[in-house]
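Visitor: Residue numbers (the working numbering), protein chains in the order written: chain A, 211 to 568; chain B, 70 to 499. Glycine residues also receive a C-beta, built at the ideal position from the N, C-alpha and C atoms. From a predicted model like this one, the values you see are computed outputs, not experimental measurements.
(1) Cβ closer than 8 Å: which chain B residues qualify as neighbours of residue 529 of chain A?
(2) Helix, strand or coil: which one does DSSP assign to residue 490 of chain B?
(3) Can you list, in chain order, the residues of its chain whose CB lies under 7 Å from that of residue 90 of chain B, leaving out five sequence neighbours each side?
(4) Just curious, the alpha helix (DSSP H) that residue 524 of chain A is in, first and last residue?
(5) Which of helix, strand or coil does DSSP assign to residue 320 of chain A?
(6) Could you list the residues in the region 143-160 of chain B with a C-beta less than 7 Å from some C-beta on chain A, going in chain order?
(7) What are the complete alpha helix (DSSP H) segments, minimum 4 residues, inside the region 268-337 of chain B?
(8) Considering only residues of the same chain and omitting the five flanking positions on each side of residue 343 of chain B, which have a CB-CB separation below 7 Å?
(9) Have a look at the DSSP bridge pairing and note the partners of residue 386 of chain A.
(10) Taking only beta carbons into account, state which residues of the region 362-380 of chain A come closer than 9 Å to chain B, listed in chain order.
(11) Quick one: using the 10 Å Cβ neighbour count with 16 as the cut-off for buried, is residue 86 of chain B buried or exposed?
(12) Alpha helix (DSSP H) containing residue 403 of chain A: first to last residue?
(13) Going by DSSP in three states, residue 163 of chain B sits in which element: helix, strand or coil?
(14) Near residue 500 of chain B, which residues of its chain fall below 6 Å by C-beta distance, leaving aside the five closest residues on each side in sequence?
(15) In angstroms with no decimal places, state the Cα-to-Cα distance between residue 343 of chain A and residue 292 of chain A.
(16) Using a Cβ-Cβ cut-off of less than 7 Å, give me the residues of the region 244-275 of chain A that come near chain B, in sequence order.
(17) Give the DSSP-derived three-state secondary structure of residue 65 of chain B in the structure shown.
(18) Taking 7 Å as the CB-CB limit, is residue 470 of chain A close to chain B?
(19) Tell me the start and end of each unbroken alpha helix (DSSP H) in the region 382-429 of chain B that is at least 4 residues and wholly inside, in chain order.
(20) Who are the neighbours of residue 509 of chain A on chain B, taking C-beta pairs under 8 Å?
(21) Report all residues from its chain with a CB closer than 7 Å to the CB of residue 424 of chain B; omit the five preceding and five following residues, and keep chain order.
(22) Leaving out five residues on either side along the sequence, give the residues of the same chain with a beta carbon under 7 Å from the beta carbon of residue 118 of chain B.
(23) For a contact meaning CB atoms closer than 7 Å, what does residue 473 of chain A contact in chain B?
(24) Compute the distance between the beta-carbons of residue 266 of chain A and residue 506 of chain A, then report whether it is under 7 Å.
(25) Just to make sure I have the definition right: I need the residues of chain B whose C-beta is within less than 8 Å of the C-beta of residue 389 of chain A. Which are they?
(26) Quick check: the Cα distance between residue 416 of chain A and residue 474 of chain A, rounded to an integer number of angstroms?
(27) Residue 96 of chain B by DSSP, collapsed to three states: which one?
(28) Listed in chain order, which residues of the region 513-543 of chain A have Cβ atoms closer than 8 Å to some Cβ of chain B?
(29) Ignoring anything shorter than 3 residues or poking outside the region 221-251 of chain B, list the beta strand (DSSP E) runs there in chain order.
(30) Just how far apart, CA to CA, sit residue 174 of chain B and residue 138 of chain B?
(31) Would you say residue 217 of chain A reaches chain B, if we count a Cβ-Cβ gap shorter than 7 Å as a contact?
(32) Compare the C-beta of residue 302 of chain B against all C-beta atoms of chain A and say whether one is closer than 7 Å.
(33) Could one say the Cβ of residue 274 of chain B lies closer than 7 Å to chain A's Cβ atoms, at least one of them?
(34) Under 8 Å, with one C-beta from each stretch per pair, do the region 328-335 of chain B and the region 298-309 of chain B reach the 3-pair mark?
(35) Measure the alpha-carbon distance for residue 472 of chain A versus residue 356 of chain A and round it to whole angstroms.
(36) Counting only C-beta atoms, is residue 349 of chain B closer than 7 Å to chain A at any point?
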């Protein structure tokens, strides 16, 4: 009913290959964009910004970076947390060494460092595949976190070993640090996430994306049709680590405000990997759906008992929360093993042909 | 659909009535951790804190006639949850109790902007002592640098330290690294050899490498800055490697009864510096027994209640309650706000008489905070494990704060510059 495609004719190949072959998709996206760019910032409370909106966006971005590598290029990685850390520490060093630097430029540049490190740790992918590669990226995870702890220069010889975000100004307003308003931080995150999402959509639909998908689906066949596997895999590592690094810089600078090395440890890598898997490997939208489920939902669930006036211990809520989110993950993976993005695709297909079953 | 609408309507009604029912009294949230890897040490502390406030509510009807709305927000010791909890509670909270050095570091700059006092008794960032710079942060009654100084004082009282070897076994985390600057300065001054031995978060339960190093090094003393599973790990390793327990000293967070009960008699002689002590005969314990335990409102049990950590929870809540009472008296209003509580916490004067009046006899040493000193430097006792419980092994030790006053000022200044613009309270004197 809502997705009726009657009357939408495609008269050229260009329209048939368009990003939104169905008009309703474009309208839906426009509505979502209006919500995130205008309505949420106008209505959200500081808690909503800090506990839901900003982290969901940041985790979606990190997961998008991982998805490029794992979902599109088929290279399993367990080092996401450490690459986020590289981005965060690079941004911290740039900001403290060059305080005149524009913070948004610094955040976007910090990805370059993690891209470099990502390529170095991606080199084994030329020889090893699958689980073996996962173990090689695990080495990156352990090594980099160890480095964040031991290399005092990275945290400016701070006695507590943690990095702390200074107040950063741009055009007379604070955009990062304790003085910054949540709504400003939200807009910065939203701007970076929108920019990189557009970049990812275009990359994955273009030549490079097709090369990655060919590598993922069967690397020998891809090589036979003339794809340079080294280039394909290493670009995937570079671009993936770039996005992950930017997400890491946002994670510390726009959200947490301070970080010690162990926040970049393996639980963070797993969290991002779960978002990517539950959202849907090989999809862009899935990252946002996955982040809403894994990052946003527990926060909302935590608030529920209080809102409903159920007197219950905070610790008990936390236990229930873990159980509910865990069972939801299992539930979604049973009804659609390819993730939430695929689930949405199926629903959309059904809506298009509604009321007919086929 | 109809069914769903009904449910939704019910939810809305319930939330409105619940909103009206709550929000009475002074809201003092606690960012607790009853779950996660540190739960074993967290639970007794949280129980002690909650029981004391419940006791005040039941016995006196709160403080100054206003009930205390003591709420917990579970963090599981995770800094991410900590930020979530801080944002959730800050709207009406008059205090924030972050309960982890990591969360403290994160919320410290924010509290300055949001103007909510942060109460971190015996933990957090040691330079918080400088009340001029850290206007909104309090770590009364003792900071980590006090603890480090008192431990060295105690060791010195046992014999000259020159030429001795002291190993410093610590969690490789902001918390474990806190006392290093002071210990290094003391090592230079007293002429002992100081070797930090870090324990990574992943190695907490398996410290064989660290203890091998200790066995090779044969230090005269081992000082431990451990937390959670690390303490039990270190104590069992020490017993296994037959390290003389009487030369093994922990910070106050490494003096948990349950960790020592694992080794029992073998742990005899282990020491821990502490600014709190469990006194089962203190009047406050009887009141808690009468008003909270017998009313069935406690989550604790008798064994836990006799321990060091439960009584420390009581002391922590007592400090907060005293801050509230002082503020109420000064401002002449029972419904104080966050900035009034800040004044109260800054003007606590826990004299012996006041401690006795509160029924806390022998549970906390006397101390006083001021505008420029937010720690109070109460000093503490050296506790010793006698095989079944902790007993006092020394008289009250008081830290020699002059030795690191310059360091406090330096680190506080560094913090203020790196977080510029950072307001400094110039009105304070001395």
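Guide: To lay it out plainly:
(1) For residue 529 of chain A, the neighbours in chain B by C-beta distance under 8 Å run, in chain order, 104.
(2) coil
(3) Residue confidence for residue 90 of chain B is low, a pLDDT of 39 falling below 50, so the modelled location carries little weight and cannot support an answer.
(4) 524-545
(5) helix
(6) Within the region 143-160 of chain B, those residues whose Cβ lies closer than 7 Å to any Cβ of chain A are, in chain order, 143, 145, 148, 152, 153, 156 and 157.
(7) 277-286, 298-309 and 326-330
(8) 321, 324, 377, 449, 450 and 452
(9) A:378
(10) 366, 368, 369, 370, 371, 372, 374, 375, 376 and 377
(11) Since pLDDT at residue 86 of chain B reaches only 41, below the 50 mark, its modelled position is unreliable, and the value read off the structure follows with that caveat. It counts as exposed.
(12) 392-415
(13) coil
(14) Nothing can be reported for residue 500 of chain B: it is not among the residues displayed for chain B, which extend from 70 to 499.
(15) 16 Å
(16) So the list reads 256, 257, 260 and 261, given in the order they occur along the chain.
(17) With chain B represented from 70 up to 499, any question about residue 65 of chain B goes unanswered, as that position is not in the structure.
(18) yes
(19) 407-415 and 421-426
(20) Within 8 Å Cβ-Cβ: 153.
(21) 430, 433 and 435
(22) 99, 382, 385 and 386
(23) 148
(24) It is a contact, given that the beta carbons lie within the stated cut-off.
(25) 182 and 490
(26) Linking residue 416 of chain A to residue 474 of chain A through their CA atoms gives a straight-line distance of about 32 Å.
(27) strand
(28) 513, 516, 517, 518, 519, 523, 524, 525, 527, 528 and 529
(29) 234-240
(30) 25 Å
(31) no
(32) no
(33) no
(34) Between the region 328-335 of chain B and the region 298-309 of chain B, the count of C-beta pairs closer than 8 Å reaches three or more; the two stretches touch.
(35) 9 Å
(36) no
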